[in-house]
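Chains as they are written, first to last, in my numbering: chain A, 1 to 341; chain B, 1001 to 1301; chain C, 2001 to 2442.
All C-beta atoms, glycine included, are put in the ideal place defined by N, C-alpha and C.
The structure appears below as structure tokens.
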Amino acid sequence: MNKIFVSPSPHIHSGDSIKKNMWGVVIAMVPAMILSFVYFGINALFATLTAVLSCILFEYLIKKFLLKEESSITDGSAIITGILLAFNVPSSLPLWIIVIGALVAIGIGKLSYGGLGNNVFNPALVGRVFLLISFPAQMTSWPIPTTRLSEKINPDMIDSFTGATPLAMLQEGIQSGQSVSSIMEQNNFPTYQDMLLGNIGGSLGEVAAIAIIAGLIFMLVRKIITWHIPTAIILTVAAFTGILNLCSPDTYADPLFHLLTGGLLLGAVFMATDYVTSPMSKKGMLVYGVGIGLLTVIIRIWGSYPEGMSFAILIMNAFTPLINKYFKPKRFGIAKKGGKK
Amino acid sequence: MYFTFLLTIISLCAIGIAAAIILYFVAQKFKVDEDPRIDQVEEALPGANCGGCGFPGCRGMAEACVKAEDLDSLFCPVGGTDTMKDVASILGKEVKEQAPKIAVVRCNGTCENRPRKNTYDGALSCAIQSNLYGGETDCQFGCLGCGDCVSACQFDAIHMGENGLPIVDQDTCVACGACVSACPKDIIELRNKGPKDRRVYVACKNEDKGGIAKKACNTACIGCMKCVKECPFDAITVKNNLSYIDPDKCKLCRKCVAVCPTGAIQAVNFPTPTPKPKPKVSVKKDIDKEKAINKTEKKEE
Amino acid sequence: MLKTFKLGGIHPPENKLSKDKPIEILPIPEKVIIPLGQHIGAPAKILVKKGDSVKVGQLIAEKGGFISANIHSSVSGTVEKIADIKDASGYPKPAIHIKVDGDEWDESIIKDDNLIETISYEKEEIVKRVEAAGIVGLGGATFPTNVKLMPPPGSNSEFLIINAVECEPYLTADHSIMLKRAKEIIVGINIIIKATGVKKAIIGIENNKPDAIKLFENIASTYSNIEVCPLKMKYPQGGEKQLIKATTGREVPSGALPIAVGAIVQNVGTVLAIYEAVQKNKPLFERVVTVTGKKINKPGNYLCRIGTPIGNLIEAAGGLPEDTGKIINGGPMMGKALINTDTPITKGSSGVLLLDIKESKRKEQNDCIRCAKCINVCPMGLEPYLLMSLAENNNLERLEEERIMDCIECGSCSYTCPANRAILDYIRLGKGRTGQMIRNRK
């Protein structure tokens, strides 16, 4: 009778696990990853591999030798951080810089807070922003996808050719006094179709909107995330830029342009939805999404950086505990007013 | 260039001085009048903030000491009588002597003594296990072994032993009582530390009838009354089939240890008897115990 | 679009292994053990002593307070002893042990199976008979039914809601009696309508029991005041508050009883017991119990006497499987794990579930990753992750603010948690302590 187990109810479990959720996210990122290899070639593959492997390695080493805890690399969260970090850098970035980014992401962004579940900021974004500030030149020289180049330029020059992202082009143009429509009509400015398919300059993962949308659908179907955060971000950005565009179409680009460029979708789908650093209640998620949307547009249009998704997410990460405190789920049996404290 | 540095330094200094002046006046304005002795008393207390005195931290205790008419009902178990004397001298009050105490685990139901009948698989918490059922063994009074006492201890003075029971480190235990209130089975008791740390106590809480208790655990108290009859100082009482030794009356003669048929009565920190003279009482060796029992039986005849 | 409750909920695998099994009558055991505390409230007071001979249906312990229930002998024989046994609570509790000798029923019980449709008793008499028969809520809560049939003065009871949801996986006891005793149940509903004066009765059945829905829709069509409400499957739809929300759309306010929104909820098994008590003068001494489990040979629904050791039921279902890891009294979501098979069936036992070792062992617990899945499944709109950490730190004031007392302990949070955290274990602990604090305050 010694083998009879006794425990409080419930006696069954759904079988869901951290591993399953994390690997689900990894699978959702595969389409965007494949497209990045297509557009940026072997460099993209090396960048992704370096980021993932160094994230896993740092997690293992820090856990084993510094924290002296059981290794947690099999839960897949380090892989997600690695892929996201790679998604956020240009494919031409020297590999040693990526390794530094991985160290900052895993060491400072995650394990210094106590590991998965306790970090305040999205680790991959911490790494990315660190690199952006420390290596501004390397982090903002964007290779143009090979498919795009071949139409205009001799393929032999691929390695050395870099260009600006659509957002940067736009910002530069506006600062030099051009109107939005005249910038967009320029010969080298990508079309919306290019943006959707990822045929534009930018970091590894942000270019292919269509692959990111595929990942989003996968995660929603598998119930890994809920629709609240991505929808709130996208609608807010669309509404805000839409209003600005209506007021002055010459200085502000249209919503579709903003949605398809600058890693907005990448951030909205894969980074803002990070379990650990996003709010828990549905109401809170909406508030968080709206906050990210507003901040992104503000940074993009009035800030000195052409794109603001990473900063917006990091800033809202800091507000997450506060949002959790003030936006409670709808309680059963409590009139609407009493829901908030 | 140098001018820029200079300007920076001067302006920062100016801001600092201005802020200091503002803070000074604000602090004066919103000053809370407090008995200065509270600070002194708090200084005298150990500062462990363990709550063993019954107040939320040393500050609370200090306030209570200053307010109280006399210090009889207030006691800091961590600092002991010495600390209370210091406190009393600050306040000009009297203090009662109190014997130093220590936490004692009153269960000896190790894996060997008390066979496990099922396996608990819930959250690792004695409180949760105790709410759920009587425990892995047939003894519903004994230690559950999840270590609520260990996590309650702020002094790192109690640990789970290899035999599944908590072990109190008698040098670090300050008798704050945190483990006592954490234990859902009330197994841990604060008892007098005793001269040279010597103590005699019943290491059992089982209130079942003798037969049931013995079946559940080899070393259970079966309420046989032998110790009560043996004790020359009337220190032992049996209630609900369970013997209890009053630590204030007990003179540590260890006669009860000798007569206990199950070894439920523990005597700790006594020197092991030298083998040469008459076989005296030993706690652990059953043979000695049997002999001792025989002896007392003869006496009774 | 079928109705269901809105907030939270989960869809555990049904595993209704004994779904198509008719009710079998379990042979009377050689000995029964009848605990005195089979209901919520004060334990019953013993009326017999060692050596007394008793008949089936004889009162052997009477209610020990307003919230308490009579207990009747379930067999005929002699009282062997009155001694403590470890019941489902895991602690020794007093019980009457009866040695069985024959099967002689008390003369006042009508033993035949004829349906008696005319209700010839008045309101007070019905409640009195229910009280005398010792009927308690058979869904598992075991609250004395007669108390529920007397709504407090001034309250407006509009709906009688019959809980025929049986949302717990594995269990089919209610389903089996609904198929076999549908007509009696409808008479029972009419009895309760008469006793409480409600205008309308709603039978809530989940759509995994299409045969029962069809059967009841047929019979109920002749009564204008009885309506069958098919519900979309979702756990915990059998929870009182969730069922009221699903069937009527009304939300019982936090801390209030169902009567606050004009509803009285009765389990379908209780309704049958009420029919038998009122029309046949038969006290509650037997009930249908599902014996089930993936490894068991003959999962089924057994009609057995109260006090039958669970071991007898398992024997009837083909014996205890070799690698049994857990014996559960009730369903897998809210049932209680037992320490052995000697524990007797009580009024509230709806099933015996055996899990094998692999199913029963919990997986290793990880840190919370704040995925918010527990919030999404909580049917009461609470934040289980937060309640758990507050309970771990014993922060009772915050727990009360975060409405821990609203928790219905359905287990959806622990079931869902990807980090395998024992969320409900700690919430239950915190709820107990917070409740204590609130009671002390009064």
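As computed with DSSP, LYS2336 (chain C) is found in a beta bridge with C:ASN2329. Under the DSSP assignment, LEU2017 (chain C) falls outside any alpha helix (DSSP H); it carries neither an H nor an E label.
Residue state for CYS2229 (chain C) is assigned as strand, using DSSP reduced to three classes. ILE2023 (chain C) has its alpha-carbon roughly 16 angstroms from the corresponding atom of SER2349 (chain C).
If the five residues before and after LYS2049 (chain C) are omitted, its C-beta is found closer than 8 angstroms to the C-beta atoms of VAL2079 and ILE2082, all from its own chain and listed in chain order.
Listed as beta-bridge partners of TYR252 (chain A) by DSSP are no residues whatsoever. Close CB contacts of SER2155 (chain C) within its chain, under the 6 angstroms cut and outside five residues either way in sequence, are with ILE2259 (chain order). About 10 angstroms separates the beta carbons of ASP2406 (chain C) and LEU2387 (chain C), which is beyond the 8 angstroms limit, so they are not a contact pair.
Taken atom to atom, the span from the alpha-carbon of ILE2193 (chain C) to that of PRO2283 (chain C) is near 20 angstroms. Scanning chain C for C-beta atoms nearer than 9 angstroms to the C-beta of GLN1154 (chain B) yields nothing, as the closest lies near 14 angstroms away. C:LEU2026 is the residue among C:LEU2026, C:ILE2161 and C:ASN2393 whose C-alpha sits nearest the C-alpha of GLY2318 (chain C). Chain-ordered listing is empty here: chain B has no CB closer than 7 angstroms to the CB of PRO2332 (chain C), the nearest sitting near 14 angstroms. Counting only Cβ-Cβ distances below 8 angstroms, SER281 (chain A) has contacts in chain C at ALA2372, ILE2375 and GLU2383, in chain order.
Remark: three or more beta-carbon pairs, one from each stretch, lie closer than 8 angstroms, so the segment 78-85 of chain A and the segment 47-63 of chain A are flagged as touching. In its chain, beyond the 5 residues on either side, VAL2271, LEU2272, ILE2274 and TYR2275 have a beta carbon closer than 7 angstroms to the beta carbon of GLY2188 (chain C).
If the five residues before and after LYS2373 (chain C) are omitted, its C-beta is found closer than 6 angstroms to the C-beta atoms of THR2416, all from its own chain and listed in chain order. Beta bridge pairing from DSSP links SER2053 (chain C) with C:THR2078. ILE12 (chain A) is outside the set of residues whose beta carbon lies under 7 angstroms from a beta carbon in chain B. DSSP places VAL1259 (chain B) in the helix class (H, G or I) of the three-state scheme.
With the rule of 3 Cβ pairs closer than 8 angstroms, the segment 2391-2407 of chain C does not count as touching the segment 2341-2358 of chain C. Neighbourhood of TYR2426 (chain C) in chain B, by CB distance below 9 angstroms: ALA1123, SER1125 and ILE1128, in chain order. Rounded to whole angstroms, GLY2037 (chain C) and VAL1150 (chain B) show a C-alpha spacing of 35 angstroms. Residue range 1080-1091 is occupied by the alpha helix (DSSP H) that includes ASP1082 (chain B).
Shown here, VAL2352 (chain C) sits in a strand according to DSSP, grouped into three states. Short of 7 angstroms from the beta carbon of ASN1240 (chain B), and not among the five residues preceding or following it, lie these beta carbons of its own chain, in chain order: GLU1207.
Taking CYS2167 (chain C) as reference, the option from C:GLN2242, C:LEU2396, C:ILE2264 and C:ILE2404 with the minimal CA-CA separation is C:GLN2242. Neighbours of ARG331 (chain A) in chain C, taken as residues whose beta carbon is under 8 angstroms from its own, are SER2254, MET2380, GLY2381, LEU2382, ARG2403 and ASP2406 in chain order. Sequence-distant Cβ neighbours of LEU1190 (chain B) in its own chain, meaning closer than 8 angstroms and more than five residues away, are PRO1077, LYS1101, ILE1102, ALA1103, VAL1104, ALA1175, GLY1177 and VAL1180. ALA1018 (chain B) sits exposed, since fewer than 16 C-beta atoms from the chains shown fall within 10 Å of its C-beta. A distance below 6 angstroms between beta-carbons, with the five flanking residues on each side excluded, links THR1237 (chain B) to the following residues of its chain, in chain order: TYR1244. Nearest CB-CB separation between ARG2439 (chain C) and chain B: not below the 7 angstroms threshold. Identification of residues in the segment 2283-2303 of chain C having a C-beta nearer than 8 angstroms to some C-beta of chain A yields an empty set. If only uninterrupted alpha helix (DSSP H) runs of at least 4 residues are considered, those enclosed by the segment 2149-2232 of chain C are 2173-2180, 2182-2196 and 2210-2220. Just so you know, the alpha carbons of GLY263 (chain A) and ALA312 (chain A) end up roughly 12 angstroms apart. Look at THR1237 (chain B) here: in three-state DSSP terms it is strand. Exclusion of the five residues before and after SER2254 (chain C) leaves ARG2403 and ASP2406 as the residues of its chain whose Cβ lies within less than 7 angstroms of its Cβ.
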